[in-house]
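Below is one structure, written out as C-alpha coordinates; the observations come after it.
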Amino acid sequence: MLLIINNQTKQYKRSPFNLEELMDLELKGKTKGVAVALNNQVIPRDRWSDTLLADTDSILIITATQGG
(Lines of atoms letter the chains of each structure in order from A and count residues from 1; the text may use other names and numbers.)
(Lines give C-alpha, C1' and ligand atoms only; values in the text may rest on other atoms or scores of the structure.)
Protein backbone atom coordinates (compact mmCIF):
# COMPACT_ATOMS: atom_id res chain seq x y z
CA MET A 1 0.00 0.00 0.00
CA LEU A 2 1.28 3.43 -0.95
CA LEU A 3 0.36 6.32 1.37
CA ILE A 4 1.32 9.98 1.29
CA ILE A 5 2.03 11.12 4.85
CA ASN A 6 2.86 14.78 5.44
CA ASN A 7 3.73 15.12 1.73
CA GLN A 8 6.13 12.16 1.78
CA THR A 9 5.38 8.92 -0.02
CA LYS A 10 5.63 5.77 2.09
CA GLN A 11 5.20 2.15 1.04
CA TYR A 12 3.65 -0.37 3.45
CA LYS A 13 3.67 -4.13 2.97
CA ARG A 14 0.43 -4.73 4.82
CA SER A 15 -2.94 -3.52 3.59
CA PRO A 16 -5.71 -2.65 4.12
CA PHE A 17 -5.47 -1.23 7.59
CA ASN A 18 -7.19 1.52 9.50
CA LEU A 19 -6.12 4.98 10.59
CA GLU A 20 -5.65 3.96 14.23
CA GLU A 21 -3.17 1.22 13.28
CA LEU A 22 -1.27 3.67 11.08
CA MET A 23 -1.04 6.23 13.90
CA ASP A 24 0.25 3.56 16.29
CA LEU A 25 2.82 2.54 13.70
CA GLU A 26 3.93 6.06 12.78
CA LEU A 27 3.81 7.65 16.24
CA LYS A 28 4.64 4.56 18.30
CA GLY A 29 1.54 5.01 20.46
CA LYS A 30 2.21 8.69 21.29
CA THR A 31 -1.02 10.12 19.92
CA LYS A 32 -1.81 12.67 22.63
CA GLY A 33 -2.21 16.13 21.10
CA VAL A 34 -2.43 14.75 17.55
CA ALA A 35 -4.93 15.66 14.83
CA VAL A 36 -5.21 13.78 11.55
CA ALA A 37 -6.65 14.73 8.18
CA LEU A 38 -7.34 12.05 5.58
CA ASN A 39 -7.63 13.38 2.03
CA ASN A 40 -8.11 16.93 3.40
CA GLN A 41 -10.84 15.92 5.86
CA VAL A 42 -10.19 15.94 9.63
CA ILE A 43 -11.00 12.57 11.18
CA PRO A 44 -12.07 12.66 14.86
CA ARG A 45 -10.04 10.34 17.10
CA ASP A 46 -13.08 8.22 17.94
CA ARG A 47 -13.40 7.35 14.22
CA TRP A 48 -9.77 6.33 13.65
CA SER A 49 -10.43 2.62 14.25
CA ASP A 50 -13.25 2.44 11.69
CA THR A 51 -11.54 4.60 9.05
CA LEU A 52 -10.03 2.24 6.49
CA LEU A 53 -7.12 3.41 4.37
CA ALA A 54 -6.82 2.95 0.62
CA ASP A 55 -3.86 3.00 -1.72
CA THR A 56 -2.57 6.57 -2.42
CA ASP A 57 -4.53 8.16 0.45
CA SER A 58 -3.06 11.44 1.65
CA ILE A 59 -2.67 11.80 5.42
CA LEU A 60 -1.67 14.94 7.28
CA ILE A 61 -0.53 14.43 10.88
CA ILE A 62 -0.51 17.56 13.04
CA THR A 63 1.08 17.47 16.49
CA ALA A 64 0.48 20.17 19.10
CA THR A 65 3.62 21.72 20.54
CA GLN A 66 4.30 24.10 23.40
CA GLY A 67 6.00 27.40 23.02
CA GLY A 68 5.42 30.98 22.18
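Start counting at 1 in the sequence shown, then tack on 977, and there's your number in the working numbering. We treat Cβ as the ideally placed atom computed from N, Cα and C, and that holds for glycine.
Per DSSP, reduced to three states, the secondary structure at S1026 is helical.
Straight through space, the alpha carbons of I1036 and N1016 are spaced by roughly 6 Å. The segment 1006-1016 makes no contact with the segment 982-992, as fewer than three CB pairs between them are under 8 Å. Here L979 has Q988, D1032 and T1033 as same chain residues with Cβ atoms under 6 Å from its own Cβ, once five neighbours each way along the sequence are excluded. Residue E997 holds the alpha-carbon nearest to the alpha-carbon of L1029 among I982, I1038 and E997.
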